[in-house]
Structures are given as C-alpha cells and as structure tokens.
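Novice: My questions will all concern the structure given below.
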Ligand SMILES: Cc1cc2nc3c(=O)[nH]c(=O)nc-3n(C[C@H](O)[C@H](O)[C@H](O)COP(=O)(O)OP(=O)(O)OC[C@H]3O[C@@H](n4cnc5c(N)ncnc54)[C@H](O)[C@@H]3O)c2cc1C
C-alpha cells in the first residue's frame, strides 16, 4: 500500500523544524530514519498530514563525552554510528553490546537513536536501555527545552511525554557506576526481529559484597519498557548468589510482568523467558561486577 | 566448451538484479482499469443479502461482477469444485480463499472504496477447522452436494500380512505425527493484466506454472474455445507450487471480456496469503516393526491430510504421500490407509515436495525411533533396508533403474563425520565436530546467549518422484527451428515450460546448444505464451529439466536430420516427449507402477539447542542430492540453498495460525519466513552425478528433493542433543522450551 497524501518539509535548521512543529502541531510528524514511520504510513496505521524531515539539519548527529563521564548523543545519530563508535565501545560497553540486536544492518544504517526513543516501541531495546541506565532525553520546542528522565518519558503503548511541538534533540546516557556489572539478553523469533522478551541488568556491589545498586529493565513484555521493581527489591542489600538470582528472576516473572499473548508467543512462554533472561543477565552482570570476563 | 555442465550465468540474471525485468505487477497498459476482490469475512456462511447497486454507482466504478456474471461458474485443476465467484443471494462461502465479487474502476482507490459499498450479509454455518473435526461423526459437511462425508479421496496399499509380522517382531515403534501448513511466500504477490486483443482473443499476462492449464481453465469458465484465450508469462516472482492453481487468471479474463478494457490487478501480501493454497497439514499414526538385526518387517500407517475447502491438487499430493510415507525402504509387509479431507480452512495444494515432506516425516521419524529402540546407528539401520537397483516398491512394481539413495546416504554420512567401520556405520561424537558459531552470530544474543546449551546431530534420507504420477500421461512438446544457409546460424527453440525463478529457461538453452552443437549465443528461446508454444506441462514435480531436456533433444535430433538429410532450410521439427507410462493405485491393494523416475537426497543436521529458551540454531546442514547430471552446477547449488532455507523455515519457524478458518498470520511480520541468518550457519550443498538412464544426458529432477529430509534430520539432531523426540512440527522455541521444562533435562555440558 501507499500512504495517503501529506505535505513534506525538509528544513535546514533546527529552528525552522521547531517552527514547523509549532505551526502544524498534531498533524505533524518528524521524519528521522523512517524505519518505523514509513512502514506505519504505508500500512496506513499513521496518516500525518505534514512530515518534517530532520535529515538535512546538521549538528543533530554526534556522540560526545558528557561531563559526568557518560555520553551525549545527538538525536539523528544513526544506529550504525553508535554501533561502530570507539568511544561507545570504550565508555559504554552496554550500549555497544546492545546495538547489534537492533534490526538488521540495513535498518541500522538508516534508523536513529532519537527516532527509536520517540517511537517508544514496547519491544525495542533503546527505550529499555535508557531506563536501565537512568538516562535523560532532551526535548526541544520553539518554546524552549527541557530534560526528561527516562523513567518519566515512556508513558505507555507507543506513548511518550513529548508534547506535540517538541522534538528530541539529544540523549544523555550517564556512565555505569564504576565497578558495576551489566548485561543484555534478548530472545526473538528471528535474528533482527523485535524481541519477544529482552532484559537489561546493571548491578553494583559494595565493599562487603552486597548489592547496593541494581536496575533490571525489560522489553517486549508490557506496553513500554519496564523495570522489574520487585526483583530489584529482592536483590538490594543482599549478597548475590545463584539462589538470590533465581529468586529475583522468579519474582520478575511472576510479579513484575503481565505479558501479552500473540501469534509469536503465549503470555506464559513470555513469563518463562522473563525468568530465564533475568537470571542470565543477572548472572553475567554479577560476574562482570566481580571482575570476570564474560564472553556471551 | 560444452554448455551442459557449466555454471553459465542465468541469461535473465542481469535484468532481474538491476530491476529491469518486468514482472506481472510491473506491466501496465494505457487506459487500464483496476480491479479489487471482495473477500468473505465469515466462514463458512451462506450469503443472505447481496446488493451491488451502491458500489456500481460509486465514482469511477465501471463494473461489479459476481457469481451470475461468470458464464460457467466453476474451476479446479483436478476437479471443478470451486466457484469463480460466490457472490449472490444463497451463495456459499466455504473458506476465506473464496472470491465473492470483483469491483473494476478507473483507479485502484476508487475500486477499493467501492468494495465497502457492496451490501452483503451472511448467515454463519457450522464449520470444520481441523482433520479431526472433519472426520468426526455427524461433522458438518464442507461440500454437502458431494455425499455424506468430508473425505475427498482415500488410498490404500496392502502387501503381505502386517499382523503376523507384528506378532513376530523384536521391536515395534508406534507414534503419532503432525505436520503443519506452509505458505509459499514467494517474493511477488499475485498480479496480472487482462485485455482483449485486436484479433479478438483475450490475453492474460500473469505469473503461473503451467500456461496451457491456465488457458484451459480460463476458457472453461468463460465458455470460450481455448484458442480464444492467450496466456503469457513474463518473468515470474517465484512459485514453489503456489502458482499451479488459479488465483487472478480467470477473473482477469472475465473482467477484460465484460469491460472491453485492459484490467489490472495487484494483490497485497495479505490477499496472497489468504488467496492461494498452502502445504497440507497432516496427522499420521504409524506402527513399524523390525527384527533385532535391523531388518524392517512391517509398516502400518494411517494418514490424513487437510485439503481445505477445495480439491486443488490434494488428490495428487495424497498419491505421492501414500508412497512417501514408507520411505525408500524395502518393507515386506505394508498396510497404508491414506485420505485427504475437506475442511473450512484455506485450500491446500502443491508445494515443493508435494506430499514428500509429510510422508518422509513419518518414514524417517519411524526410522529414527527404530534406530533408538534397536540401539543401532541410524545410518547403519537405513543401509540395511534401503532400496537397491531392482528393488520392488510396496506397490509391487520394480523401481526404474538408477537407484542411488544409498550413495547419497553414504556420501552425506561421511560429510557429517560418520565412519564406516568393521562394526558398521558409526556416528561422530558431537564433541569432535568443529564449533560452527561465527563472530557474526556471536553479536546476536539469540545464538550467543549464556546459559545451558546442548549440541546434537541427526540424519535423514528421502526419495522424490520426477514427473507426473499414477497414470497421468505426462508430456512435453518442443519445436526446434534451424536457420541459416551453409552452417546453422540461428536456432529458435519453442518450449512452454515456465521459468519460475529456478532457471528453467537457462537450462533449456544449455540443452539446445549441446544437442544441436552450436554455441549458446545462437539459441533463441520462445517460451512465454500459449500462442507460440505447445503444452509442456507444469513447472512442478521436479520435472522441467527432465521433460524439457528430453523434448528438446527429440526436436533437435529431428531438426538436425531434416537439415542434413533433407537439406531443409530452415529445418523445423516438433517433438512430443512422452515418458514411460505409469499406472494408478489399485483401489484394494494399491498395486501400481506409480512414477516415471526418481531423485534421491540425504541430509544431516547439527544443531545447538538453548535448553532454556528453546531456540534452535542449525550449525551445519550437509546435503547430498543425486542430480544425475548437473546441467548448471551453480543453479543446482542455488536450488539446494533455497530448498534448505524453505525447509528449515517449515521445521523451525513458519507457523500459519488459524482461528476458525480465519488466518491470523497474514503478513510477513506475523508469518515468519527465515532470513539468511535464520537458516543454517553452514550449508554444504553437495550433489552426486549418477546418471538416470531416462534423463536427458542423465539429468534427474532435483528442485524439490533438498526440502524433503530436512525436518526429520533436524528433529533427530534435537533428540540427540536433548533426549526428547518432537513428533510434531514446527519446533518453535515455545514448543521446545515448554517440553524441556515439562520433561526436565539434565544439564549436558
Ligand atoms: C525490519 C525492521 C526491524 C527492526 N527491528 C528493530 C529492533 O529489533 N529493535 C528496535 O529497537 N528497532 C527495530 N526497528 C526499528 C528501527 O530501529 C527504527 O529505526 C527506530 O525504531 C525508529 O528510528 P527512525 O530513525 O527510523 O525513526 P522514524 O521511523 O523516522 O520515526 C519514528 C517515530 O519517531 C518520531 N521521531 C523520530 N525522530 C524524532 C525526533 N528527533 N523527535 C521527535 N520525534 C521523532 C517520528 O515522528 C515517528 O513517529 C526495526 C525496523 C525494521 C524496519
């Protein structure tokens, strides 16, 4: 199918783009990599009357070190740029490990980090990663700009805190706490497909070997990226071993999620996968926190 | 250089990869109208109200056609059990494959909009949505006019005395198997153009597999003589059996006839998935017996397939399956009962393998189970029982010469690490096989994830008939024209065989060049319409290389004789190749000489199973097909890669889901076909060249064979890894993980 007719603007500056967003409001949509927007338009699931193409705006594509040691990433940075960037590999191994799991090389050549966050697919990796690392999203409009914490940004099924006239211009990924361990695991029906279930885990141990920081962020199991808060509660302040991890994983599967059934998997299989993946990511994160090499 | 045997590039490759080739969907005519089909949304149902007047009055609408507009409202490749259009008060919808009405308008949008204006109401009827439901006593009938049962056709084979053999056997294995439907998912959804030519004939440009059969069915429905219809095949975007029956052919001709203008249609992927047939779902109960030394003593099989709402080629597929379910083995006592049953699902029909995959899933799984029960190596057990030169089928006829299934098994087993020792064939230990996960795959957590993994290896073998079976008189026509004065300067070959993407037209040129003894660039092939070519049968049944090669040889030899002996200029000869006759099953005993010729294929698979997520990675897939003579080795390998991708898809991934006759997976985001990353990490596309005495230059058919043994080979490998047998396909991660969880598995690392 083809999309219904729409007006198309390709502004050269961010200010122009913001003015267009302000002018057209509800009917306008930003066009970034087009990897999600164009298919939804072709299937007529979205029918914006105005497209504001961000691809000609310079300076929205960059990866910089943030003052806190984390990363500042321009919204129009392509997935492939993050995937191949040495700074990312060095400063943010979790983001580095995440990138190859997003779609296929063809998708990653076009798709952008800002687009992925704005789209907020419940099965996408980056929104869940942003929650795992407690990242922030910079929203800008003709009215001004604001930083929105990832925990507040994702509000439900393909729904975010962005106002109609706002664009994402930058993402802030704080550094992982020094000495912390991390992992990402996901299961999809095919390579490159959106995940049936995916999990991020980040944890840190205090001097006595007790867990003083833990984030478990899940995707594919709800209407947005979600934290496994019960499971995190189980671990916080505890000495971590296989048994504690198994208990946390079970809590994540039974208490933290209420996954959907669809043609790809039943709810009970997704619950099972939550258990498996939380267990695997925590095990790997723990090994990394203990300074061990993890190859998976 | 001889043309046959060399991997010359396909003559159509350049156009196809550069986007120059025009497929049916790309072809337009000035002044063309656009057609949309009204599909039913209830199955089964009786149409109680049907009013097209509002649609007809809508902007741009030129015609709305329904049941009463079709001169002879019936069609079907095997039997005319389906209406072209069902739209009328009292019309019966049996399946979502039914076409209710056609809206023809100036633009696609106008046609689409007018579909909604057709006023239609349905009275829902009770339906049957599975083989079990269709066979239940008092089941609602899909075709009440056809008697009091949903059974469309049944066969039986009786040989020896199975009961006596069971009583004397050392080992008996009795299992129930289920296989699922499969969608062809060719690149190009159905599309075409129909128009009335200046000479008054109706021409249909479409993708298909058998243009003369398309023509016959169009002519029948339109009540016109066949010579008033021309069917033309431009490049075809894949077929795999899925274009063997009608989709848009008849309705395009009808629309052109009624409007007098060119009419275009282009189906969406969703329409393609609901609108053409599928591979048959199957249920089988099998009981096989063997002696301690591994000799097979008896096989008893009861198997049913889901034909869906219309016959399509179900009866022919059943014919093949009835033999395939015994595998390529000498079995002295045999009892097979097979049937195909109507349901309210999408019709089932031809799909690469044509009953072979389902049949061999039964036979090869039985052999796998027997090997385990006997404590015998699976290769060793097979070697003890496989057909040899001169073996008799369970249908009592002797196999045609060139029986090489053992050669494929031996070669494949060796490739996969088996060794032939004094104590017989011995499988490799998986630990000894090199690891196959590559860095590319390590990037995906799907294969590389931490957690419990187990590796295993399995093997399966198979046969497949070449050509039409069971008494059908197969034929293939070719005409060869030799032009020139002293020397042959130009050769024109006429042959109607469809190139469905497999490269048939390249193969025909290669044969012609060698049979006539001229370089390839002197050969011109005319193969694309019914006006200039004679019937050559379908591009199916792995028959096109075999049949076309023999037909072109006959025509070439005669043309050369005319050129040399009669000195005719041009020398033109037409030849009809008719292979040796076959016979149908005897209704009581199944006695028959069922097939013209056979091809053989063995595969071994090595898998890694994630014991927690149930994800299966095929690390290695070793294939050995006997192709007789590789006319074009690169294309042979292409067929092997393609077949393996498709069969791994069927085995692990593809899962057509229904809800009471409605298909839930009508997109490629819900019906998942494998990408190149989801097939096998390494495929070894090996082949043998033991000539078939009947084949042109020894060539055998080979397009279907590498599909057939994959599923049982993978299931055997998964069993080797986990100790669990999966007798039902597909092996989705959910099915595998849940079984592993239920049964509980010892960590094997
Ligand atoms: C086959 C396939 C597989 C895929 N697999 C995955 C996968 O496994 N994981 C995954 O995460 N994604 C996957 N994707 C999606 C891909 O990552 C997309 O690129 C991404 O989700 C959206 O990024 P984009 O730049 O293409 O955005 P677009 O498609 O251009 O836009 C998406 C939405 O975000 C809005 N938008 C874009 N940029 C901005 C901005 N700066 N400010 C405000 N709004 C904005 C648009 O208006 C639109 O509503 C897949 C896509 C395809 C086609």
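Residue numbers (the numbering used here), protein chains in the order written: chain A, 1 to 296; chain B, 297 to 1045.
By construction, the Cβ of each residue, glycine as well, lies at the ideal position given by its N, Cα and C atoms.
1. Mapping the DSSP letters down to three states, classify residue 289(A) as helix, strand or coil.
2. For residue 315(B), which residues of its own chain have a beta-carbon under 6 Å away from its beta-carbon, when the five flanking residues on both sides are left out?
3. Using a Cβ-Cβ cutoff of less than 6 Å, which residues in the same chain neighbour residue 184(A) once the five nearest sequence positions on both sides are dropped?
4. So what does DSSP say about residue 227(A), is it helix, strand or coil?
5. With the cut-off set at 7 Å, would you say residue 459(B) and residue 543(B) are in Cβ contact?
6. For residue 190(A) and residue 914(B), what's the separation of their Cα atoms in angstroms?
7. Is DSSP giving residue 407(B) helix, strand or coil here?
8. Are residue 901(B) and residue 1013(B) close, meaning C-beta to C-beta below 7 Å?
9. Using a Cβ-Cβ cut-off of less than 8 Å, give me the residues of the region 906 to 918 of chain B that come near chain A, in sequence order.
10. What does residue 40(A) reach in chain B if we use C-beta pairs closer than 9 Å?
11. What's the C-alpha gap between residue 669(B) and residue 758(B)?
12. Tell me whether residue 318(B), by its Cβ, gets closer than 6 Å to a heavy atom of ligand 1.
13. Excluding the five sequence neighbours on either side, which residues of its own chain have a C-beta within less than 7 Å of the C-beta of residue 742(B), listed in chain order?
14. Are the region 712 to 728 of chain B and the region 657 to 669 of chain B in contact at 8 Å, needing three or more beta carbon pairs?
15. Any chance the CB of residue 138(A) is under 6 Å from a heavy atom of ligand 1?
16. In this structure, how does DSSP classify residue 714(B) when only helix, strand and coil are distinguished?
17. Should residue 409(B) be flagged as near chain A, meaning a C-beta pair shorter than 7 Å?
18. Since residue 966(B) meets chain D, which of its residues come closer than 9 Å, beta carbon to beta carbon?
19. Report the neighbours of residue 970(B) on chain A: residues whose CB is nearer than 7 Å to its CB, in chain order.
20. Ligand 1 and residue 194(A): does the residue's C-beta get closer than 6 Å to at least one heavy atom of that ligand?
21. Kindly list the residues whose CB is nearer than 7 Å to the CB of residue 1048(B), restricted to its own chain and excluding five residues on each side of it in sequence; keep chain order.
22. Within the continuous alpha helix (DSSP H) that includes residue 655(B), where are the two ends?
23. Quick check on the DSSP output: the alpha helix (DSSP H) that includes residue 513(B) runs from which residue to which?
24. Give a yes or no on whether the C-beta atoms belonging to residue 585(B) and residue 706(B) are separated by under 7 Å.
25. Just mark residue 920(B) as buried or exposed, buried being the case when its beta carbon has 16 or more other beta carbons within 10 Å.
26. Decide yes or no for the touch test of the region 144 to 163 of chain A against the region 102 to 114 of chain A: beta carbon pairs closer than 8 Å, at least 3 of them.
27. How big is the Cα-Cα spacing for residue 197(A) and residue 153(A)?
28. Is there at least one non-hydrogen atom of ligand 1 closer than 6 Å to the beta-carbon of residue 31(A)?
29. On the criterion of 16 or more Cβ atoms from any shown chain inside 10 Å, does residue 58(A) qualify as buried, or is it exposed?
30. Quick one: is residue 694(B) buried, meaning 16 or more other Cβ sit within 10 Å of its Cβ, or exposed?
31. Taking the continuous alpha helix (DSSP H) assigned at residue 117(A), which residues delimit it?
32. Taking only heavy atoms of ligand 1 into account, decide whether any of them is closer than 6 Å to the Cβ of residue 45(A).
33. Taking any Cβ of chain A, which residues in the region 939 to 953 of chain B have a Cβ under 8 Å from it, in chain order?
34. If we count the other Cβ atoms within 10 Å of its Cβ and call it buried at 16 or more, is residue 338(B) buried or exposed?
35. Which bits of chain A does residue 904(B) rub up against, with CB to CB less than 7 Å?
36. Please classify residue 157(A) as buried or exposed, where buried requires at least 16 other C-beta atoms within 10 Å of its C-beta.
Specialist: Looking at the coordinates:
1. helix
2. The answer is none, since no qualifying residue turns up.
3. 97, 98 and 200
4. strand
5. no
6. 13 Å
7. helix
8. Yes, Cβ-Cβ distance for residue 901(B) and residue 1013(B) is below 7 Å.
9. 908, 909 and 911
10. Near residue 40(A) there are no residues of chain B at all, since even the closest Cβ is about 12 Å away, more than 9 Å.
11. 21 Å
12. no
13. 911
14. no
15. It does not: the Cβ of residue 138(A) is nowhere closer than 6 Å to a heavy atom of ligand 1.
16. coil
17. no
18. The displayed structure is made up of protein chains A and B, and chain D is not among them.
19. For the C-beta of residue 970(B), the chain A residues within less than 7 Å are, from N- to C-terminus, 190.
20. yes
21. Residue 1048(B) cannot be examined here, being either before or after the span of chain B that is shown, 297 to 1045.
22. 652 to 670
23. 507 to 518
24. no
25. Buried: at least 16 other Cβ atoms inside 10 Å.
26. no
27. 21 Å
28. yes
29. Counting Cβ neighbours within 10 Å, residue 58(A) comes out exposed, since fewer than 16 surround it.
30. Exposed, because fewer than 16 other Cβ atoms sit within 10 Å of the Cβ of residue 694(B).
31. From DSSP, the alpha helix (DSSP H) with residue 117(A) extends over 113 to 119.
32. no
33. Hits within the stretch, in order: 949, 951 and 953.
34. Buried, because 16 or more other Cβ atoms sit within 10 Å of the Cβ of residue 338(B).
35. Simply none; closest approach about 13 Å.
36. exposed
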